[in-house]
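Inspection log for the structure reproduced underneath, given as structure tokens.
Protein chains: 2
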Amino acid sequence: MNDEQKVLIEAKTEVLKALAHPTRLYIIEELARGEQCVCKFVEAIKADFSTVSKHLAVLKNAGLVDIEKRGQLVFYQLRMQCLPAFLNCIGKEVAENSAARSRIINRQHRHNKIKEPMEA
Amino acid sequence: MNDEQKVLIEAKTEVLKALAHPTRLYIIEELARGEQCVCKFVEAIKADFSTVSKHLAVLKNAGLVDIEKRGQLVFYQLRMQCLPAFLNCIGKEVAENSAARSRIINRQHRHNKIKEPMEA
DNA sequence: TGGTTATTTGGTAAAATAGCCAAATACTAT
DNA sequence: ATAGTATTTGGCTATTTTACCAAATAACCA
């Protein structure tokens, strides 16, 4: 792996790290439906508003969002347009996986009478 | 946000967390070109083989790969087929962004004679 | 001006992650 | 069996990330 490849991989990793938190993923999915002001997220997310702001800063630093201040409100917009399609795909896969897992668990139940759920 | 949505977001987050490390992203991109044995990764990645193994375990637990043991070798295969397209898209975006950043830096250089590079 | 709301930033403690070594497992071959 | 290779797992620090509080900024309004 040469230097350029390494730099590219690390840049992609930054994007993925920014996405890899439930609160930030929620924000991204909301933004996929249109721009939102910080205040909306502060209202919707059960965490300190400073925490929400820091999550938004992570998204901004990763280049995933654009920002526009209007009056005293700050609006965030999704920048990387390929994200929604990808997140949908992941969503389908994890839904299938968990369905498959359930089937396996049920099989085990039928055959072995194992009662404990799969490890979280 | 209801419970089901929350569970789904957290499941997607697990996938993204698994992807969000340069070594694991490298592994995923290699696997996108076809199955590989652990030994190949151990050889290619500059880290202890136990570290490589643990990264592979993360991918496995996230449901991103399938595993097949043949003889004393263990082969990993990519499971989530939408990944390569997505990673390509991210790659393009980060390439553009860094190009844009370079242009901005150059402008600053011309106007202000700022010499330090942008913060890593 | 002073007060109020929206948002960001600094600091810190707690939790999660990554990496290494050593040890355990699993297979193969002698 | 014994030894050798491939891989995983346990245990331990070091680093990174997260969340909260408090304080700083910024824009608005009385």
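The listed protein sequences derive, respectively, from chains A and B.
Reading the first sequence from the start, the letters are residues 1 to 120 in this note's numbering.
Reading the second sequence from the start, the letters are residues 121 to 240 in this note's numbering.
No residue lacks a Cβ here, since even glycine has one placed at the ideal position from N, Cα and C.
From what residue to what residue does the beta strand (DSSP E) around residue i run?
i	result
Gln5 of chain A	Here Gln5 of chain A belongs to no beta strand (DSSP E); instead the alpha helix (DSSP H) covers 3–19.
Would you verify that the beta carbon of residue i is, or is not, closer than 8 Å to some beta carbon of chain B?
i	result
Lys60 of chain A	no
Val38 of chain A	no
Asn156 of chain A	There is simply no residue 156 of chain A to check, as chain A begins at 1 and stops at 120 in what is shown.
Glu10 of chain A	yes
Val94 of chain A	yes
Val42 of chain A	no
Phe86 of chain A	yes
Leu56 of chain A	no
Quick one: grab the DSSP three-state call for residue i.
i	result
Arg24 of chain A	helix
Val74 of chain A	strand
Lys46 of chain A	coil
Glu96 of chain A	helix
Cys89 of chain A	helix
Glu29 of chain A	helix
Cys37 of chain A	strand
Arg103 of chain A	helix
Could you tell me which of the options sits nearest to residue i, measuring between CA atoms?
i	options	result
Asn181 of chain B	A:Pro84, A:Ile28, A:Asn97	A:Asn97
Ile148 of chain B	A:Thr13, A:Thr23, A:Ala20	A:Thr13
His141 of chain B	B:Lys126, B:Ala131, B:His175, B:Met121	B:His175
Cys82 of chain A	B:Arg153, B:Leu207, B:Leu193, B:Leu179	B:Leu207
Val172 of chain B	B:Val185, B:Gln156, B:Thr143	B:Thr143
Phe75 of chain A	A:Asp3, A:Gly34, A:Pro84, A:Val7	A:Gly34
Met80 of chain A	B:Gln192, B:Tyr146, B:Met200, B:Cys209	B:Cys209
Lys92 of chain A	B:Glu213, B:Gln156, B:Gly183	B:Gly183
Gln192 of chain B	B:Val214, B:Gln125, B:Tyr146, B:Val158	B:Val158
Lys113 of chain B	B:Val162, B:Gln156, B:Phe161, B:Glu163	The requested residue 113 of chain B does not occur in the structure, where chain B is confined to residues 121 to 240.
Asn122 of chain B	A:Ala99, A:Lys46, A:Ala85	A:Lys46
Val65 of chain A	B:Ile187, B:Pro204, B:Val214	B:Val214
Ala164 of chain B	A:Lys6, A:Ile67, A:Ser50, A:Glu43	A:Lys6
Is residue i close to chain A? Criterion is C-beta to C-beta, closer than 8 Å.
i	result
Ala140 of chain B	yes
Gly211 of chain B	yes
Leu198 of chain B	no
Val185 of chain B	no
Val172 of chain B	no
Leu193 of chain B	no
Leu136 of chain B	yes
Leu145 of chain B	yes
Which whole-angstrom value describes the C-beta separation of residue i and residue j, a residue pair presumed to lie in contact below a C-beta threshold of 8 Å?
i	j	result
Leu16 of chain A	Leu136 of chain B	6 Å
Leu18 of chain A	Val58 of chain A	Correcting the residue identity first, residue 18 of chain A is Ala in this sequence and not Leu. Right, the Cβ-Cβ distance comes to about 5 Å (below 8 Å), so this counts as a contact.
Leu25 of chain A	Ile129 of chain B	6 Å
Between residue i and the ligand MG, is there a pair consisting of the residue's CB and a ligand heavy atom that are separated by less than 7 Å?
i	result
Cys202 of chain B	Summarising the ligand content, the structure contains no ligands, and the ligand MG is consequently not present.
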